[in-house]
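A.B. asks:
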Amino acid sequence: MAIFYHFGVFSPITWLTTIVVVGLLSALFAVHYLPEFFVKLHNKATENTISHGGSNSTADNHFSTRRLTHVKWLTGLYAAVWLAGLGWFFAIEPKQERNWMAEVSQQVAYERDATNPDLITLTHVRNFDWHIDKDATERWETRTVDLSKLSGVDVTNSYWMGPLIAHTLVSFRFEDDRPLAFSFEIRKEENESFSALAGFFRRYELSLIAAEERDIIYTRSNARGEQVYLFPVSNLQQHEVRSLFESYLTAADDLNAAPAWYNTLLSNCTNIIFYMARIVSGDRLPWDYRIWVSGWLPNYLYDVGMLDANPEQDGQQWSMDTWYERTHINPKVRGFNNQIDVTSGMNGRAFSQQIRQDIPMPPLAHSKAGAEAQARSASQISE
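In case it helps, UniProt numbering puts the sequence shown at residues 1 to 383.
1) I need the straight-line Cα distance from Arg-284 to Gln-357, nearest angstrom please.
2) Closer than 8 Å is the cut-off here; do at least three beta carbon pairs connect the segment 203 to 216 with the segment 302 to 318?
3) Would you call the segment 275 to 295 and the segment 158 to 165 in contact, with 3 or more CB pairs under 8 Å?
4) Note down, in chain order, each residue of its chain lying with its Cβ closer than 8 Å to the Cβ of Leu-28, except the 5 sequence neighbours on either side.
5) Just the Cα atoms here: how many angstroms apart are Thr-49 and Thr-65?
6) Any chance the segment 178 to 198 sits against the segment 323 to 335, with 3 or more Cβ pairs inside 8 Å?
7) Can you look up Trp-100 in the DSSP assignment and give me helix, strand or coil?
8) Tell me the DSSP bridge mates of Gly-152?
9) Would you mind reading off the limits of the alpha helix (DSSP H) that contains Glu-246?
10) Looking at Ala-102: is its Cβ nearer than 7 Å to the Cβ of Glu-138?
11) Is it right to say Gly-152 is buried, meaning 16 or more other beta carbons lie within 10 angstroms of its own, or is it exposed?
12) Across which residues does DSSP place Ser-105 in a beta bridge pair?
13) From the DSSP secondary-structure annotation, give me the bridge partner or partners of Leu-208.
14) Output needed for Ala-196: all residues of its chain with C-beta closer than 6 Å, excluding positions within five of it in sequence on either side, in chain order.
15) CA-CA distance, Val-228 and Ile-329?
16) Relative to the alpha-carbon of Pro-117, which residue among Thr-144, Ser-105, Asp-135 has its alpha-carbon at the smallest distance?
17) With contact counted as at least three CB pairs below 8 Å, one residue from each stretch, are the segment 129 to 137 and the segment 298 to 307 in contact?
18) Tell me, please, whether the CB atom of Phe-201 is closer than 7 Å to any CB atom in chain D?
19) Under three-state DSSP, which class holds Leu-119?
20) Quick one: give me the first and last residue of the beta strand (DSSP E) that Thr-270 is part of.
21) Can the beta-carbon of Gly-305 be found less than 7 Å from the beta-carbon of Ser-379?
22) With distances taken from CA atoms, which of Pro-331, Phe-201, Pro-360 is nearest Phe-4?
23) For Ile-132, name the three-state secondary structure that DSSP assigns.
24) Going by beta-carbon coordinates alone, are Pro-12 and Ala-260 separated by less than 7 Å?
25) Straight-line CA distance for Phe-184 to Thr-69?
26) Helix, strand or coil for Glu-111, going by three-state DSSP, please let me know.
27) Beta-carbon within less than 7 Å of Gln-237's beta-carbon, same chain only, minus the 5 sequence neighbours each way: which residues are those?
28) In whole angstroms, what is the alpha-carbon distance linking Glu-174 and Met-361?
29) Can you tell me where the beta strand (DSSP E) holding Arg-143 begins and where it ends?
30) Tell me whether the beta-carbon of Val-333 lies closer than 7 Å to the beta-carbon of Gln-353.
31) For my contact list, Phe-172 and Phe-274 are in at a C-beta cut-off of 8 Å; report their separation, rounded to the angstrom.
Right, dumping it as structure tokens:
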């Protein structure tokens with residue numbers, strides 16, 4: 001499979017590998033599991049042996065020895081081929097320089113203000129004007145954010161392949177500025193498409209994109225027609241939000257220093273976020289199978305008390321169905337004009353406000369004890 005995804009179905013290497021592997025496995029299967037096929041050969045050898053004065057037991061022993069020798073020889077040969085393939089696979093290195101698609105051609109970088117460490121200036125922040133899927137006006141910008149003004153975190157799930165699979169993004173809200181979104185994505189080359197199976201076999205590099213929401217969410221909800229939902233995370237302290245933001249900066253440093261592989265199971269858009277968040281929040285985010293079933297991530301957040309069960313504080317508890325209904329972005333931005341007044345940032349601010357309609361934004365918790373108590377209460381209500 002790895003060779004198929006790296007060289008293509010029509011490559012001589014792919015066909016040669018297939019013939020060798022299938023041939024060895026077939027031979028090993030036949031020798032080991034189809035002994036009756038060799039009984040005829042054994043009987044013939046037995047007749048010849050007896051006719052020349054030999055014994056039946058001697059022929060039986062000779063047949064068993066030869067069969068065992070064949071099994072060992074074929075097993076060893078297959079193991080050698082497998083180890084050679086494994087060595088080749090782990091020797092494949094990710095690259096920084098390829099003919100990347102425009103939307104992942106840059107990776108976010110940053111500088112910290114020498115006099116005020118709260119001020120972070122990010123370069124290569126994506127702010128494309130999307131017209132239709134795969135058709136956009138390219139724009140990469142520089143943006144400065146103040147970490148002391150962080151006011152919350154939102155998780156966005158974009159469903160593109162049924163209810164189980166979703167792309168996960170994280171947006172950071174600021175008191176006096178528009179949100180900033182981060183997204184771990186595969187770094188596709190020109191004319192390359194995504195395959196979940198190929199993602200197991202070192203086919204795609206990993207990319208971290210920082211972007212305006214009017215770009216990275218609009219392209220999914222409007223340009224591609226995916227079903228998108230935005231969930232504000234509750235019961236967080238300001239230092240936890242800041243630590244999560246710093247984790248993204250660390251990830252940017254790592255990817256700019258050395259490229260890394262995307263893996264469909266181990267390092268994808270959802271579980272990388274969970275790994276970082278768990279470092280920040282610890283046992284408040286227990287391990288759960290839904291970390292690997294990205295479409296159910298909102299349900300996981302609800303069950304652990306990270307979605308407020310009574311966000312409007314009116315005594316009316318929200319079920320998970322209510323959350324999905326209120327947080328569905330597509331109806332809110334249908335027909336949104338994404339091409340107006342881009343340079344002033346007002347259009348981006350309007351988009352971010354529009355996708356949060358009818359969703360109460362939770363305040364940050366004042367203490368660890370208060371945050372944990374509220375999360376336990378919300379979790380109990382969900383149960």
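From the three backbone atoms N, C-alpha and C, an ideal C-beta is built for every residue, glycine too.
C.D. replies: Looking at the coordinates:
1) If you number the sequence shown from 1, residue 284 lands on position 284. If you number the sequence shown from 1, residue 357 lands on position 357. Approximately 28 Å between the Cα atoms of the pair.
2) no
3) With a cut-off of 8 Å, the segment 158 to 165 and the segment 275 to 295 count as touching, because enough Cβ pairs lie within range.
4) Numbered from 1 along the sequence shown, position 28 holds the residue referred to as residue 28. Val-71, Leu-74, Thr-75, Tyr-78.
5) Working through the sequence shown from its first residue, we reach residue 49 at position 49. Working through the sequence shown from its first residue, we reach residue 65 at position 65. Confidence at Thr-49 is low in this model, with a pLDDT of 49, below 50, so its placement is unreliable and no value can be given for it.
6) no
7) If you number the sequence shown from 1, residue 100 lands on position 100. DSSP places Trp-100 in strand when its eight states are reduced to three.
8) As a position in the sequence shown, residue 152 is number 152, starting the count at 1. Note: Gly-152 sits in a beta bridge opposite Arg-173.
9) Taking the sequence shown and counting its residues from 1, one reaches residue 246 at position 246. Run containing Glu-246: 238 to 257, per the alpha helix (DSSP H) assignment.
10) The residue you call residue 102 lines up with position 102 of the sequence shown. The residue you call residue 138 lines up with position 138 of the sequence shown. Result yes, Cβ atoms of Ala-102 and Glu-138 sit closer than 7 Å.
11) The residue you call residue 152 lines up with position 152 of the sequence shown. Gly-152 should be labelled buried.
12) On the sequence shown, position 105 is the one that residue 105 refers to. Answer by DSSP bridge pairing: none, since Ser-105 is not bridged.
13) Translated into positions along the sequence shown, residue 208 becomes position 208. Phe-184.
14) Against the sequence shown, residue 196 aligns to sequence position 196. So the list reads Thr-264, once near-sequence residues are dropped.
15) Locating residue 228 in the sequence shown gives position 228, counting from the first residue. Locating residue 329 in the sequence shown gives position 329, counting from the first residue. Rounded to whole angstroms, Val-228 to Ile-329 spans 5 Å at the Cα level.
16) Taking the first residue of the sequence shown as 1, we reach residue 117 at position 117. Ranking Thr-144, Ser-105, Asp-135 by Cα distance to Pro-117 puts Thr-144 first.
17) no
18) Of the chains in the structure shown, none is chain D; there is only one protein chain.
19) As a working mapping, residue 119 is identified with position 119 in the sequence shown. Three-state result, Leu-119: strand.
20) On the sequence shown, position 270 is the one that residue 270 refers to. Element bounds for Thr-270: n/a, residue is neither H nor E.
21) Start at 1 with the first residue of the sequence shown, and residue 305 comes out as number 305. Start at 1 with the first residue of the sequence shown, and residue 379 comes out as number 379. Yes, these two residues count as a Cβ contact at 7 Å.
22) For the purposes of this step, residue 4 is taken as the residue at position 4 of the sequence shown. Considering only alpha carbons, the answer is Phe-201.
23) Numbered from 1 along the sequence shown, position 132 holds the residue referred to as residue 132. Reduced to three states, the DSSP call for Ile-132 is strand.
24) To locate residue 12, count along the sequence shown from 1; it is residue 12. To locate residue 260, count along the sequence shown from 1; it is residue 260. Result no, Cβ atoms of Pro-12 and Ala-260 do not sit closer than 7 Å.
25) Translated into the one-based positions of the sequence shown, residue 184 becomes position 184. Translated into the one-based positions of the sequence shown, residue 69 becomes position 69. The alpha-carbon atoms of Phe-184 and Thr-69 are separated by roughly 51 Å.
26) Counting from 1 along the sequence shown, the entry for residue 111 is found at position 111. Glu-111 falls in the strand class under three-state DSSP.
27) Here residue 237 corresponds to residue number 237 of the sequence shown, with the count starting at 1. Excluding residues within five positions, the ones whose Cβ falls inside 7 Å are Leu-364, Ala-365, Lys-368, Ala-371.
28) Your numbering for residue 174 matches position 174 in the sequence shown. Your numbering for residue 361 matches position 361 in the sequence shown. This sequence places Phe at residue 174; Glu is not what is there. Rounded to the nearest angstrom, the two C-alpha atoms are 12 Å apart.
29) Here residue 143 corresponds to residue number 143 of the sequence shown, with the count starting at 1. Element bounds for Arg-143: 140 to 146.
30) Numbered from 1 along the sequence shown, position 333 holds the residue referred to as residue 333. Numbered from 1 along the sequence shown, position 353 holds the residue referred to as residue 353. It is not a contact, given that the beta carbons lie outside the stated cut-off.
31) Counted from its first residue, the sequence shown places residue 172 at position 172. Counted from its first residue, the sequence shown places residue 274 at position 274. The pair is not a contact, with the Cβ atoms about 17 Å apart (cut-off 8 Å).
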